[in-house]
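Quick note on numbering: my numbering labels position 38 of the sequence shown as 38, and the sequence is numbered without any gaps. Note that beta-carbon positions come from the ideal geometry of N, C-alpha and C, so glycine has one too. Comments concern the structure below.
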Amino acid sequence: RCGTVTPAPLLMQVVRGLLSRARSKGKLYLIGTHDTTVACLLQALGGLWDGHWPHYGETVSVETYQSEEGRRFFRILRNHKIVHFPGCPPASPLCPLSVLEGFIASDPVLASEAYRQQRCEEVADLEDSAMSPRPPGPSQGRFFWLWTIMTFVLGCLLGRLLNTLKQQR
């Protein structure tokens, strides 16, 4: 329906989940993905991908915390080890959630993706109410794998380019 060649939709889903869970009493928000998506997600998160291919069972955890004063914090873990997020205090294991929100807002691809994703959800809601889902046909197999590979390669290249441009600033 609303395809893309970046990991931005997954990142936006993670951020929406974080923000809604940080304000609610929910304790857990899970998303399952493939290794290609994990690599692109890490690259989109400010270049957290170290170039090593994610192994089977790789985990990327984004934990949120709230202080007694109501301030919200987060931290990112890759395979249960804390990963430093750009813009966070290096000595602190927790980072203000506003840093992640600012990162999303300052990135032209992710910021525009937030708007695009909102519009796609509105269109999807209209389509869902008008049509019943169509089961996948046998001819969709080759196209699916070709599209998956192209999406991964282009998403990683775009993520790397964006990080290079950010570092040059």
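| Check | Outcome |
| --- | --- |
| So what does DSSP say about residue 88, is it helix, strand or coil? | coil |
| Which of the three DSSP states is assigned to residue 67 in this structure? | coil |
| In the DSSP assignment, find the unbroken alpha helix (DSSP H) run with residue 104 in it and report its ends. | 97-106 |
| In this structure, what does DSSP give as the bridge partners for residue 81? | 78 |
| Does DSSP classify residue 169 as helix, strand or coil? | coil |
| Might you give, ordered along the chain, the residues of its own chain that have their beta carbon closer than 8 angstroms to the beta carbon of residue 168, omitting 5 neighbours on each side? | none |
| Could you give the distance in angstroms between the alpha-carbon of residue 35 and the alpha-carbon of residue 53? | 8 angstroms |
| Kindly list the residues whose CB is nearer than 6 angstroms to the CB of residue 163, restricted to its own chain and excluding five residues on each side of it in sequence; keep chain order. | 47 |
| Hey, quick one: how far does the alpha helix (DSSP H) through residue 42 stretch, first residue to last? | 35-44 |
| If you draw a straight line from the C-alpha of residue 97 to the C-alpha of residue 148, how long is it? | 31 angstroms |
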